[in-house]
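Comments concern the structure below.
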Amino acid sequence: MEIDIDEPTRPQLAAVFGVSSRWIGELRAQGDLPKDGASLLENIEAWAQAKYGVEGAQGDIDFDTERARLTKEQADSKAMDNAERRKELASLPDMSGAVISVIALTVTRLQQVGLEVANGDHKLRARIDRAIADALDEMSVAKVEEARGGGLHEEDGPDDES
Numbered sequence: 090m091e092i093d094i095d096e097p098t099r100p101q102l103a104a105v106f107g108v109s110s111r112w113i114g115e116l117r118a119q120g121d122l123p124k125d126g127a128s129l130l131e132n133i134e135a136w137a138q139a140k141y142g143v144e145g146a147q148g149d150i151d152f153d154t155e156r157a158r159l160t161k162e163q164a165d166s167k168a169m170d171n172a173e174r175r176k177e178l179a180s181l182p183d184m185s186g187a188v189i190s191v192i193a194l195t196v197t198r199l200q201q202v203g204l205e206v207a208n209g210d211h212k213l214r215a216r217i218d219r220a221i222a223d224a225l226d227e228m229s230v231a232k233v234e235e236a237r238g239g240g241l242h243e244e245d246g247p248d249d250e251s
């Protein structure tokens, strides 16, 4: 059931409060709930007051503080949008893609060094290729994650090879 928040009907209020429609009518007749035409918020505040003796939540809210907080959030959001448009700020997916592309190009280029430097000396090429492969292995993502204290798949837990 969709509830009209501007002017909820008696059956809608009954569904929200978990009582019968007739009970809502009785509460309205006693003056514990506002008459037809009141908003859902007004009805909830009246219900809380009648049932629990709770004053409306609006008394606890500092509207000036909330307005200032909202204004600051909106200004921050606009500033970030503007910085992104001026290319002063890039999104994380864009930056991750750029870094991954540079790393892939670097790895490809490093793997060609052995062929260029060895000039047909197969033993020298093997040593160069092995040294480059070892260096790349040390700089791998797994090593970075390990050094940082995490793992690629932290949900898997530590390896138990007992």
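All residue numbers for the sequence shown refer to the numbering used here, where the first residue is 90 and numbers rise by one. The beta-carbon is built from N, C-alpha and C at its ideal position, and this holds for glycine as well. Computed from a prediction, not measured in an experiment: that's the story for all the values here.
Its Cα nearest to that of A224, the residue L199 stands out among L199, A172, P100, I189.
Within the model, the alpha-carbon separation for A157 versus R99 is close to 37 Å.
In this structure, the alpha-carbon of E134 lies about 29 Å from that of Q163.
If you keep only unbroken alpha helix (DSSP H) runs of at least 4 residues inside the segment 142 to 218, you get 152 to 174, 181 to 200, 202 to 207. Short of 8 Å from the beta carbon of L122, and not among the five residues preceding or following it, lie these beta carbons of its own chain, in chain order: L102, I113, L116, N132, A135, W136, A139. In this structure, the CA atom of G203 is about 10 Å from the CA atom of A220. Counted as a single uninterrupted DSSP element, the alpha helix (DSSP H) harbouring L102 occupies residues 99 to 106. Secondary structure note for L116: its alpha helix (DSSP H) is the uninterrupted segment 110 to 119.
Straight-line spacing of the CA atoms in G120 and E96 works out to 17 Å.
Judged by DSSP in its simplified three-state form, D125 adopts coil rather than helix or strand. Here DSSP, grouped into helix, strand and coil, assigns D223 to helix. If you compare the alpha carbons of D218, S185, N208 with that of T197, the shortest gap goes to D218. Residue state for I133 is assigned as helix, using DSSP reduced to three classes.
Contact check for L129 and I189: beta-carbon distance about 50 Å, past the 8 Å limit, so the pair fails to qualify. The C-alpha of L181 is placed about 25 Å away from the C-alpha of L159.
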